[in-house]
Amino acid sequence: MVVIIILIVLFIAFLVNQGVQSYQYRRDVERGDKIRDLEKVEEKRVAKEEEERINAERSKKKEIYNIGKKRIDWHLYDSILLKYDIHTLYHFTDRSNIDSIKYHRALLSWSYCDKNGILISKPGGSYLSRELDLQKNLENYVRVSFVKNHPMEYIARKEERISNPVILQIDKDIIFWEKTKFSNKNAARSDSSIGKGIDNFKNIRFDILKRRYFDLNESEKSYFQAEILVFEKIPIEFIKNIDRV
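First residue of the sequence shown: 289, per the working numbering; consecutive thereafter.
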């Protein structure tokens, strides 16, 4: 009888010990989960602070760069952009060119690259387009579009000038720079109207730019390729998505 009682007591003690260990294990797991959750929160906080720091630094550099370059009447251009809800511009390139853009901290004209020995891995423009640029003295300008899905990007892929296209998002501030020009069509066309004044900017068919390319009739499609021509370079601070491509 005594033996049975001892066995029962030992069994109860075993169960209690198991319960304590199980409880302790659950506590350890919960504590570990809480620590991991806190670590994730801290990582997010640090990442957010770093992003805010980078954005603040970029904004400061943009502000400094804009000094002395902005048009006196820049607000007239901005009012048109706001009317048509345009906040971002676009430039297509090949992914193989991204490292060079980051290294030189700017999107550069093909002429500037040639003169400074900078290799463009996969240039988006053709030999003919460069010849036309030279004829119009536009070789030292970077082409920027109002539309994300540009017909010329499709042609560049089809002709295998680019194979892995990337769309760079460009800050609209480039429009406000005094040396920036505007073309109401592809600047290479003989019938394009090119200039850098407000009247040239108003020549752009913004109503057409807000529509889908394949919904346009043939007479309208050329206006879909209106361009902003930025002199020599676009500093990396004005490329909105450079850290995400």
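Idealized CB from N, CA, C, for every residue including glycine.
Residue 492 by DSSP, collapsed to three states: which one?
By one-based count along the sequence shown, residue 492 stands at place 204. It is coil, neither helix nor strand.
Give the C-beta separation of residue 379 and residue 458 to the nearest angstrom, bearing in mind that I take them to be a contact with Cβ-Cβ under 8 Å.
By 1-based counting over the sequence shown, the position of residue 379 is 91. By 1-based counting over the sequence shown, the position of residue 458 is 170. That pair is a contact at about 6 Å.
Identify which residue in 429, 414, 474, 456 has its Cα closest to the Cα of residue 446.
Reading the sequence shown from its first residue, position 158 is the one you call residue 446. Nearest C-alpha to residue 446: 414.
Excluding the 5 residues flanking residue 364 on each side, which residues of the same chain have their C-beta closer than 6 Å to its C-beta?
For the purposes of this step, residue 364 is taken as the residue at position 76 of the sequence shown. Only 486 meet the Cβ criterion.
Short of 6 Å in beta carbon distance, which residues of its chain neighbour residue 443, apart from the five on each side in sequence? Order them along the chain.
What you label residue 443 is simply residue 155 of the sequence shown in a count that begins at 1. Same-chain partners within the cutoff: there are none.
Quick check on residue 462: does DSSP put it in helix, strand or coil?
Position 174 of the sequence shown, counting from 1, holds the residue named residue 462. Here residue 462 sits in helix by DSSP.
Let's test the definition: count the other Cβ atoms within 10 Å of the Cβ of residue 391 and tell me whether it reaches 16, buried, or not, exposed.
Indexing the sequence shown from 1 puts residue 391 at position 103. Label assigned to residue 391: exposed.
On the criterion of 16 or more Cβ atoms from any shown chain inside 10 Å, does residue 441 qualify as buried, or is it exposed?
Mapped onto the sequence shown, residue 441 falls at position 153. Looking at its Cβ environment, which holds 16 or more other Cβ atoms inside 10 Å, residue 441 is buried.
Is residue 394 helix, strand or coil when you go by DSSP?
For the purposes of this step, residue 394 is taken as the residue at position 106 of the sequence shown. Strand at residue 394.
Cβ atoms of residue 372 and residue 517: under 8 Å apart, would you say?
Numbered from 1 along the sequence shown, position 229 holds the residue referred to as residue 517. Numbered from 1 along the sequence shown, position 84 holds the residue referred to as residue 372. Taking 8 Å as the Cβ cut-off, residue 517 and residue 372 do not qualify as a contacting pair.
Using DSSP with H/G/I as helix, E/B as strand and the rest coil, what is residue 320?
Counting from 1 along the sequence shown, the entry for residue 320 is found at position 32. Three-state DSSP puts residue 320 in a helix.
Are the beta-carbon atoms belonging to residue 464 and residue 319 less than 8 Å from one another?
Residue 464 sits at position 176 when you count from the first residue of the sequence shown. Residue 319 sits at position 31 when you count from the first residue of the sequence shown. No, Cβ-Cβ distance for residue 464 and residue 319 is not below 8 Å.
Take residue 439 and list the residues in its own chain whose beta-carbon comes closer than 8 Å to its own, dropping the five residues that flank it on each side.
Locating residue 439 in the sequence shown gives position 151, where the first residue counts as 1. Answer for residue 439: 501, 509, 512, 513, listed in chain order.
Using a Cβ-Cβ cut-off of 8 Å, state whether residue 339 counts as contacting chain B.
The structure shown has no chain B; it contains just one protein chain.
Taking the CB atoms as reference points, tell me whether residue 394 and residue 521 lie closer together than 8 Å.
Within the sequence shown, numbered from 1, the residue matching residue 394 stands at position 106. Within the sequence shown, numbered from 1, the residue matching residue 521 stands at position 233. It is a contact, given that the beta carbons lie within the stated cut-off.
Taking only three categories from DSSP, how would you classify residue 503?
Your numbering for residue 503 matches position 215 in the sequence shown. In this structure, residue 503 counts as helix in the three-state DSSP scheme.
Quick test of the definition: if touching needs 3 or more C-beta pairs under 8 Å, does the stretch 468-475 touch the stretch 337-352?
The answer is no - the stretch 337-352 does not touch the stretch 468-475, with fewer than three Cβ pairs under 8 Å.
Could you tell me the alpha carbon to alpha carbon distance between residue 451 and residue 354, rounded to whole angstroms?
Position 163 of the sequence shown holds residue 451. Position 66 of the sequence shown holds residue 354. Each residue's alpha carbon lies about 34 Å from the other.
So what does DSSP say about residue 366, is it helix, strand or coil?
Here residue 366 refers to the residue found at position 78 of the sequence shown. Correct three-state label for residue 366: helix.
Looking at residue 433: is its Cβ nearer than 8 Å to the Cβ of residue 515?
For this step, residue 433 is matched to residue 145 along the sequence shown. For this step, residue 515 is matched to residue 227 along the sequence shown. In contact: residue 433 and residue 515 (Cβ atoms closer than 8 Å).
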